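Letter by letter, the sequence shown follows residues 1 to 185 of full-length UniProt numbering.
Beta carbons are placed, not taken as given, at the ideal position from N, Cα and C, and that holds for glycine.
Predicted model only: the values in this text are computed from it and were never measured.
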Amino acid sequence: MTITRNPVLLKNAAEDIHQCLRLAQLIANERFSREKQAKEWFASVLETLVALDFKLIEHTRKTIPYTPSDDVLKDVFNGWLPAPQAPNARFKSVATEVINVLHAPERGLYRKYSTSSHLNVTLDTDDGETLVAILFHVLCTQDPNAPKTRLRLELDHLGAVFDSMAFHTHRESVQAQLNAFANLQ
């Protein structure tokens with residue numbers, strides 16, 4: 001983050017942005033399962049930011065097919081990863097017992113998801129004064145054409161420009177909603 005002529009105002013705006021981003025994620029969590037409905041979850045985050053008068057800019061969406069490779073073996077041979085250890089019968093029996101318990105239908109603890117999503121947010125200044133939240137969302141799913149050998153990465157990259165003047169009308173509502181989420185059991 002760049003320090004501008006008025007660092008106090010910039011700090012306050014950064015705190016306001018963090019509150020808005022937190023609220024957007026809490027609302028999305030309430031509406032959708034991030035593991036099972038990642039696209040809808042991210043769309044809800046963006047919807048909340050727009051409702052809080054953020055201006056979404058330079059939204060880029062891209063899908064990339066990805067085939068995992070055996071490059072990890074190069075790391076093993078170059079010494080980056082430890083070499084395989086001799087089998088440990090005690091560890092194997094404990095691991096098998098844990099896996100069996102987790103797979104037990106009556107427990108319902110073990111969940112398999114075929115997706116993984118990650119959201120990274122960085123704050124920056126657009127013109128030295130205006131704060132922008134740069135959002136990078138990655139959704140990793142199995143490729144439907146080759147589910148056992150290939151993955152599909154769906155990338156969203158955009159900026160969310162914060163309007164500190166417009167936020168004054170939302171401040172009390174945002175704080176009240178965050179308090180309500182904090183009071184949930």
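Annotated three-state conformation of GLU154 is strand, per DSSP. Taking 8 Å as the cut-off, the beta carbon of ARG152 is found closer than this to the beta carbon of PRO65.
In this structure, the straight-line span from the alpha carbon of LEU46 to that of LYS62 is close to 17 Å. Between LEU131 and PHE162, the C-beta spacing is below 8 Å. Per DSSP, LYS39 is one residue of the alpha helix (DSSP H) stretching across 38-51.
ALA133 is bridged by DSSP to LEU123 and ALA160.
Using a Cβ distance threshold of 8 Å, LEU56 and CYS20 do not count as a contacting pair. Around the beta carbon of ALA146, fewer than 16 other beta carbons lie within 10 angstroms, which makes this residue exposed. Per the coordinates, the alpha-carbon of ALA38 lies some 9 Å from the alpha-carbon of CYS140.
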